[in-house]
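A.B. asks:
Numbering (the numbering used here), first residue to last: 2 to 218.
Next comes the structure, spelled out in structure tokens:
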């Protein structure tokens, strides 16, 4: 039986997709060799921000781009961020049933906390591991292992829920079952290539993994 669930943040429990895309488009306008569109961004979502800016721009030094991205991101955060359907309901129910809940994200701590507070999810989460808290971001398993340690859990009793192949690869490297969400902008077929143990189309499908029946919810 599983007792612990770890969530990725962006694109998994928080719908930050449009905020991320618009922040990149703002920061990179006129700064790439060819026309830069949202289609360039989506396949790389889930990587640390600095890595993405370096990749998209072809530059090693991206401090100016980082400043542009973060200023736009913070300014428009609250208007463009919302939880995906049933997220708050499911986290509250899992928490009530004693499931240990953590977040493992490649986002910085500042905007991680802003999003979780905005969407009223903080009361249900016992461990938050951001890119600021690790040496190696996903797909390295360091963040998952750190969260499990903080929660007093072992890999065999945990699942990692994410919208990216980086989440799936990190879960497998940590010995944790991977749950992919088919509302990912990358698409279900893309994620299935990485062989997650579970694929869900509704957050409430997590109840089954934790032995919570329809009658009990």
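Cβ coordinates follow ideal geometry from the N, Cα and C atoms, glycine included.
(1) Give me the DSSP bridge partner(s) of residue 68.
(2) Could you check where the beta strand (DSSP E) with residue 92 kicks off and where it finishes?
(3) Which residues in the same chain have their Cβ closer than 6 Å to the Cβ of residue 144, if we skip the five residues on either side of it in sequence?
(4) Find the nearest neighbour of residue 132 within the set 120, 126, 125 and 114, judged by alpha-carbon distance.
(5) Let me know the alpha helix (DSSP H) ranges lying completely inside the stretch 131 to 167, each 4 residues or longer, listed in chain order.
(6) CA-CA distance, residue 203 and residue 182?
(7) So that I know if they touch, is there some Cβ in chain D lying closer than 8 Å to that of residue 142?
(8) Exposed or buried, what is residue 161 when buried is set at 16 or more other beta-carbons lying within 10 Å of its beta-carbon?
(9) If you draw a straight line from the C-alpha of residue 124 to the C-alpha of residue 36, how long is it?
(10) Tell whether a beta-carbon distance below 8 Å holds between residue 49 and residue 138.
(11) Do the stretch 2 to 13 and the stretch 93 to 110 make contact, defined as three or more Cβ pairs closer than 8 Å?
(12) For residue 66, count the other beta carbons within 10 Å of its own beta carbon; 16 or more makes it buried, fewer makes it exposed. Which is it?
(13) Once you ignore the five residues that flank residue 74 on each side, which residues in its own chain have a CB closer than 7 Å to its CB?
(14) Under a three-way DSSP split, which group does residue 79 fall into?
(15) Our contact map puts residue 168 next to residue 179 with C-beta atoms below 8 Å; I'd like the distance itself, whole angstroms only.
(16) Taking the CB atoms as reference points, tell me whether residue 16 and residue 91 lie closer together than 8 Å.
(17) With which residues is residue 101 paired in a DSSP beta bridge?
C.D. replies: Per the coordinate set shown:
(1) The partner list for residue 68 (beta bridge, DSSP) is empty, contrary to what the question assumes.
(2) Segment 88 to 97 is the alpha helix (DSSP H) holding residue 92; no beta strand (DSSP E) there.
(3) Contacts found: 105, 130 and 135.
(4) 114
(5) 143 to 152
(6) 8 Å
(7) Included in the structure is just one protein chain, with no chain D present.
(8) buried
(9) So the two alpha carbons sit approximately 43 Å from each other.
(10) Taking 8 Å as the cut-off, the Cβ atoms of residue 49 and residue 138 count as close.
(11) Yes, since at least three Cβ pairs between the stretch 2 to 13 and the stretch 93 to 110 fall closer than 8 Å, the two stretches touch.
(12) That one is buried.
(13) 20, 24 and 112
(14) DSSP places residue 79 in the helix class (H, G or I) of the three-state scheme.
(15) 7 Å
(16) Note that the C-beta distance between residue 16 and residue 91 is not below 8 Å.
(17) 5
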